[in-house]
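*Asks:*
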Amino acid sequence: MNTPHPPLTIIGDLGVDLVMGSIDGWPQIGTEVLLPRSELRAGGSAANTALALRHLGLPAHLISAIGNDELGRLLQAQFHGVRTDLQICDRPSTVSVGLMHACGERNFFTTHGHLEELSCEYVLAHLPPASSQGAIVLLTGVFLLPRLRAAYLRLLQAIRGLGYQVALDTGWPSDQWNDTNLALVASWLPLCDHLLINELEALSITGAADLDTALARLALASQPEASIIVKTGAQGVTGLQAGQRIDHRSARAEIFDTIGAGDSFNAGYLAMRLRGGSLAQALAAGCQAAVAILQRFPRSAIVPGELAGCLQQDGWTAEAA
16 MNTPHPPLTI
26 IGDLGVDLVM
36 GSIDGWPQIG
46 TEVLLPRSEL
56 RAGGSAANTA
66 LALRHLGLPA
76 HLISAIGNDE
86 LGRLLQAQFH
96 GVRTDLQICD
106 RPSTVSVGLM
116 HACGERNFFT
126 THGHLEELSC
136 EYVLAHLPPA
146 SSQGAIVLLT
156 GVFLLPRLRA
166 AYLRLLQAIR
176 GLGYQVALDT
186 GWPSDQWNDT
196 NLALVASWLP
206 LCDHLLINEL
216 EALSITGAAD
226 LDTALARLAL
236 ASQPEASIIV
246 KTGAQGVTGL
256 QAGQRIDHRS
266 ARAEIFDTIG
276 AGDSFNAGYL
286 AMRLRGGSLA
296 QALAAGCQAA
306 VAILQRFPRS
316 AIVPGELAGC
326 LQQDGWTAEA
336 A
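In this note's numbering, the protein residues as written are 16 to 336.
In structure tokens:
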């Protein structure tokens with residue numbers, strides 16, 4: 016491909032999502048429940064972020080994996096307009112069923128599948144040197160990618176050596192925040208320029224009882240100029256950089272499908288950062304992107320570039336920066 020390499024690369028999890036809902040409570044075993052809505056789509060944090068960037072009208076490069084089956088070929092076809100390198104694995108495709116509850120919460124049922132095979136060698140073979148100053152690599156779904164995780168420290172060092180900033184969204188480990196997982200994250204933090212996690216993850220990683228303490232501990236564990244972003248659900252987001260703390264309240268909206276909320280935020284936040292936006296502008300853009308995307312169901316109906324207005328604030332636009 017001769018086109019310039021996009022300034023944002025996403026490395027992480029991609030699978031098949033079947034989103035259904037909503038339900039008021041768990042049904043009795045052996046019964047059948049009819050649900051009013053469903054969508055079969057590409058899912059996983061990396062995929063959600065890449066597609067959110069397409070909704071915002073911005074280029075992206077997705078490096079991930081797919082299964083060598085019909086579902087893998089379905090996934091491969093979902094990313095028109097997005098530069099992709101997808102390792103084809105001789106495993107069934109990873110599938111998640113997301114059940115939406117009437118209260119707004121959700122449950123996921125996920126198979127192991129192809130995500131266990133994404134390798135550091137494949138990723139680095141398809142990641143060229145940064146094409147512009149300030150280019151960013153976002154890493155997601157680390158605890159869903161055991162083979163890649165085994166080489167994560169080497170991967171982060173290589174990414175920085177290629178001239179990229181590193182953004183990390185850890186996700187939640189299925190084996191919980193045990194000592195091994197905590198030690199891994201502690202080894203990664205000094206290599207991150209942007210840490211993008213939610214409040215429960217921040218409290219769990221730091222062992223803190225409140226957000227203020229968690230932010231202080233994360234700042235001590237990170238490089239001095241790192242941006243620490245903690246997503247606080249419907250309340251909004253808190254950002255900390257070089258001692259400056261900003262709390263941004265998110266707009267209220269009626270949302271059925273909250274899957275990918277943090278990923279949509281990541282897309283807006285990083286897009287604004289790439290265009291020279293301040294911490295405050297990036298937090299606002301992330302929240303605007305998340306609200307705009309989450310209000311749409313099915314997501315496949317969003318036209319590429321349709322939500323570019325999320326990157327416009329008070330007469331300032333990302334394209335003009």
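Here a beta-carbon is modelled for each residue, glycine too, at the ideal position from N, C-alpha and C.
Report the option in Leu289, Gly30 and Ser79 whose CA atom is closest to the CA atom of Gly128.
*Replies:* Closest option to Gly128, Cα to Cα, is Gly30.
*Asks:* What does the alpha-carbon distance come out to for the pair Gly178 and Ala231?
*Replies:* Whole-angstrom Cα-Cα distance: 28 Å.
*Asks:* Quick one: is Ile44 buried, meaning 16 or more other Cβ sit within 10 Å of its Cβ, or exposed?
*Replies:* With fewer than 16 other Cβ atoms within 10 Å, it is exposed.
*Asks:* Would Glu214 and Thr247 qualify as a contact pair, given that the criterion is a beta-carbon distance under 7 Å?
*Replies:* Cβ atoms of Glu214 and Thr247: closer than 7 Å.
*Asks:* Starting from the Cα of Ser108, find the closest Cα among Leu89, Ala117 and Pro21 and give me that residue.
*Replies:* With distances taken between Cα atoms, Ser108 lies closest to Leu89.
*Asks:* Can you give the Cα-Cα distance for Thr253 and Thr228, rounded to whole angstroms?
*Replies:* Approximately 13 Å between the Cα atoms of the pair.
*Asks:* Using the DSSP secondary-structure output, state which residues sit across from Arg121 in a beta bridge.
*Replies:* Beta-bridge pairing links Arg121 to Met115.
*Asks:* What is the residue span of the beta strand (DSSP E) that Cys135 lies within?
*Replies:* From DSSP, Cys135 is part of no beta strand (DSSP E) but of the alpha helix (DSSP H) over Cys135 to Ala140.
*Asks:* Can you give the Cα-Cα distance for Leu103 and Gly82, rounded to whole angstroms?
*Replies:* Position check: residue 103 holds Ile in this sequence, whereas Leu was assumed. Roughly 6 Å separates the two Cα atoms.
*Asks:* Assuming Leu77 contacts Thr99 (C-beta within less than 8 Å), just tell me the rounded distance between them.
*Replies:* The pair is a contact, with the Cβ atoms about 5 Å apart (cut-off 8 Å).
*Asks:* Taking buried to mean at least 16 other C-beta atoms within 10 Å of its own C-beta, is Trp203 buried or exposed?
*Replies:* It counts as buried.
*Asks:* Around the Cβ of Met16, are there at least 16 other Cβ atoms within 10 angstroms (buried) or fewer (exposed)?
*Replies:* Its pLDDT being 44, under 50, Met16 is placed unreliably in this model, and the coordinates cannot settle the point.
*Asks:* May I ask you to report which of helix, strand or coil DSSP gives Thr221?
*Replies:* It is helical.
*Asks:* Let me confirm a value: Ala67 is counted as buried when at least 16 other C-beta atoms fall within 10 Å, else exposed. Which label applies?
*Replies:* Classification for Ala67: buried.
*Asks:* Evaluate Cys302 with the Cβ neighbour count: other Cβ atoms within 10 Å of its Cβ, from every protein chain shown; 16 or more gives buried, anything less gives exposed.
*Replies:* Buried, since its Cβ has 16 or more Cβ neighbours within 10 Å.
*Asks:* Take Arg264 as the anchor and find which of Ser293, Gly113, Phe280 and Ala299 has the nearest alpha-carbon.
*Replies:* The residue with the shortest Cα to Cα distance from Arg264 is Ala299.
*Asks:* DSSP puts Asp262 in a beta bridge; with which residues?
*Replies:* BP columns for Asp262 point to Thr253.
*Asks:* With H, G and I counted as helix, E and B as strand and the rest as coil, what does DSSP make of Cys207?
*Replies:* Residue state, collapsed to three classes: coil.
*Asks:* Hey, does Pro319 have any beta-carbon neighbour from chain D nearer than 7 Å?
*Replies:* In the structure shown, chain D cannot be found, because there is only a single protein chain.
*Asks:* Which of the three DSSP states, helix, strand or coil, is assigned to Gln327?
*Replies:* Strand.
*Asks:* From what residue to what residue does the beta strand (DSSP E) around Ile274 run?
*Replies:* No beta strand (DSSP E) holds Ile274; DSSP gives it neither H nor E.
*Asks:* Kindly indicate which three-state DSSP category Gly82 falls into: helix, strand or coil?
*Replies:* Residue state, collapsed to three classes: strand.
*Asks:* Is the CB-CB distance between Val34 and Glu47 below 7 Å?
*Replies:* No. Outside cutoff.
*Asks:* Cβ of Leu322 within 7 Å of Cβ of Ala307?
*Replies:* In this structure, Ala307 lies closer than 7 Å to Leu322 by Cβ.
*Asks:* Consult DSSP for Ile103 and reduce its assignment to one of helix, strand or coil.
*Replies:* Strand.
*Asks:* Just mark Asn122 as buried or exposed, buried being the case when its beta carbon has 16 or more other beta carbons within 10 Å.
*Replies:* The residue in question, Asn122, is exposed, as its Cβ has fewer than 16 Cβ neighbours within 10 Å.
*Asks:* Output the boundary residues of the beta strand (DSSP E) element that contains Gly248.
*Replies:* Here Gly248 belongs to no beta strand (DSSP E), and DSSP marks it neither H nor E.
*Asks:* DSSP state of Asp39, grouped into three classes?
*Replies:* If DSSP states are grouped into helix, strand and coil, Asp39 belongs with coil.
*Asks:* Applying the 10 Å Cβ sphere with the 16-neighbour rule, what's the burial state of Glu132?
*Replies:* Buried is the call here.
*Asks:* Can you tell me whether Gln148 is buried or exposed, with buried defined as 16 or more other CB within 10 angstroms of its CB?
*Replies:* That one is exposed.
*Asks:* Taking just the CA atoms, how far does Val245 sit from Arg260?
*Replies:* One C-alpha to the other measures close to 11 Å.
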